[in-house]
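*Asks:* Residue numbers (the working numbering): 153 to 385. Virtual Cβ for every residue (Gly too), placed ideally from N, Cα, C.
1) In angstroms with no decimal places, state the Cα-to-Cα distance between residue 271 and residue 179.
2) Give me, in chain order, the residues of the same chain whose beta-carbon lies closer than 7 Å to that of residue 173; leave out the 5 immediate sequence neighbours on both sides.
3) Would the segment 272–281 count as touching the segment 331–347 if we require 3 or more Cβ pairs under 8 Å?
4) In angstroms, rounded to a whole number, what distance separates the CA positions of residue 188 and residue 351?
5) When the Cα of residue 262 is compared with those of 298, 199 and 193, which residue comes out closest?
6) Any idea if residue 217 is buried or exposed, counting beta-carbon neighbours within 10 angstroms, 16 or more meaning buried?
7) Return helix, strand or coil for residue 248, following the three-state DSSP convention.
8) I'd like the list of long-range same chain contacts for residue 366, defined as Cβ closer than 7 Å, with 5 residues on each side in sequence excluded.
9) With burial defined as no fewer than 16 other Cβ atoms inside 10 Å of the residue's Cβ, what is the status of residue 237: buried or exposed?
10) Spell out the partners DSSP gives residue 223 in its beta bridges.
11) Please state whether DSSP places residue 373 in a helix, a strand or coil.
12) Taking Cβ positions, are residue 314 and residue 246 nearer each other than 8 Å?
13) Please state whether the Cβ-Cβ distance between residue 253 and residue 276 is less than 8 Å.
14) Going by the DSSP bridge assignment, what does residue 192 pair with across the sheet?
15) Can you tell me which of the three DSSP states residue 186 falls into?
16) Taking the CB atoms as reference points, tell me whether residue 368 and residue 331 lie closer together than 8 Å.
17) Mind checking whether residue 273 and residue 294 have CB atoms under 8 Å apart?
Set out below in structure tokens:
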């Protein structure tokens, strides 16, 4: 193995470089370039990404915490299959977390808060899913405005981590017309429940919203798998 992978032979990586290694490995797992159950050898990854071993180890630990990487005693790290079960597990947790974060927000929301949500939703509808990156940013802003107000930072941080995972997975697939309609409708329903100070209603809307998002991702994953199978000789 090339000595270029040894951390002693390279200057210490910046935080930005470490983050870049993490992002590259995560993207390669999500895209399938690093296949399901594939062994992840630190030295080989360091050589592939042209970095030292330390940022690779740190990236693998972070990806392990997010569920992308599995680590087993005496066997090292391997890729966790990104399949319907993986998405389902995250969605079931998010349905609980987001509902609770939303209940709290309803109890403290002001007229100014409602005006801000209305303004963000107006931007979402004006974009109308034309710019997918912009939609993702606005949709994140909409929900983050609600969840960042909660006193439980662990819950809010877990939501953020899961959202980033799901967003990374979902960007591989188109958003169906029916899902687009549902997103706008559910955002509007949520705003009205908050306006009416209906905490239970708002929590129910968010749970349905999250469940619908997960179902859409799983359906699109199935379509992609079937299309791949049809293209095989």
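*Replies:* So, from the data block:
1) In the chain shown, counting from the first residue as 1, residue 271 sits at position 119. In the chain shown, counting from the first residue as 1, residue 179 sits at position 27. If you take the alpha carbons of residue 271 and residue 179, they lie about 32 Å apart.
2) By 1-based counting over the chain shown, the position of residue 173 is 21. The beta carbon of residue 173 sits closer than 7 Å to those of 201, 203, 207, 208 and 211, all from its chain and outside the five residues before and after it, given in chain order.
3) Counting C-beta pairs closer than 8 Å gives three or more between the segment 272–281 and the segment 331–347, which meets the contact rule.
4) If you number the chain shown from 1, residue 188 lands on position 36. If you number the chain shown from 1, residue 351 lands on position 199. So the two alpha carbons sit approximately 41 Å from each other.
5) As a working note, residue 262 is residue 110 in the chain shown. Across the set 298, 199 and 193, the C-alpha of 298 shows the shortest separation from the C-alpha of residue 262.
6) By one-based count along the chain shown, residue 217 stands at place 65. That one is exposed.
7) Translated into positions along the chain shown, residue 248 becomes position 96. Reduced to three states, the DSSP call for residue 248 is helix.
8) Within the chain shown, numbered from 1, the residue matching residue 366 stands at position 214. The answer, listed in chain order, is 239, 240 and 243.
9) In the chain shown, counting from the first residue as 1, residue 237 sits at position 85. Taking all protein chains in view, the Cβ of residue 237 is surrounded by fewer than 16 other Cβ atoms within 10 Å, so the residue is classified as exposed.
10) The residue you call residue 223 lines up with position 71 of the chain shown. Paired residue(s): 229.
11) Numbered from its first residue, the chain shown carries residue 373 at position 221. Helix at residue 373.
12) In the chain shown, residue 314 corresponds to position 162, counting from 1. In the chain shown, residue 246 corresponds to position 94, counting from 1. Cβ atoms of residue 314 and residue 246: closer than 8 Å.
13) The sequence position of residue 253 within the chain shown is 101, counting from 1. The sequence position of residue 276 within the chain shown is 124, counting from 1. Contact flag unset, no.
14) Counting from 1 along the chain shown, the entry for residue 192 is found at position 40. According to DSSP, residue 192 bridges with 229.
15) Your numbering for residue 186 matches position 34 in the chain shown. Three-state result, residue 186: coil.
16) Translated into positions along the chain shown, residue 368 becomes position 216. Translated into positions along the chain shown, residue 331 becomes position 179. Yes. Within cutoff.
17) Numbered from its first residue, the chain shown carries residue 273 at position 121. Numbered from its first residue, the chain shown carries residue 294 at position 142. Going by C-beta atoms, residue 273 is nearer than 8 Å to residue 294.
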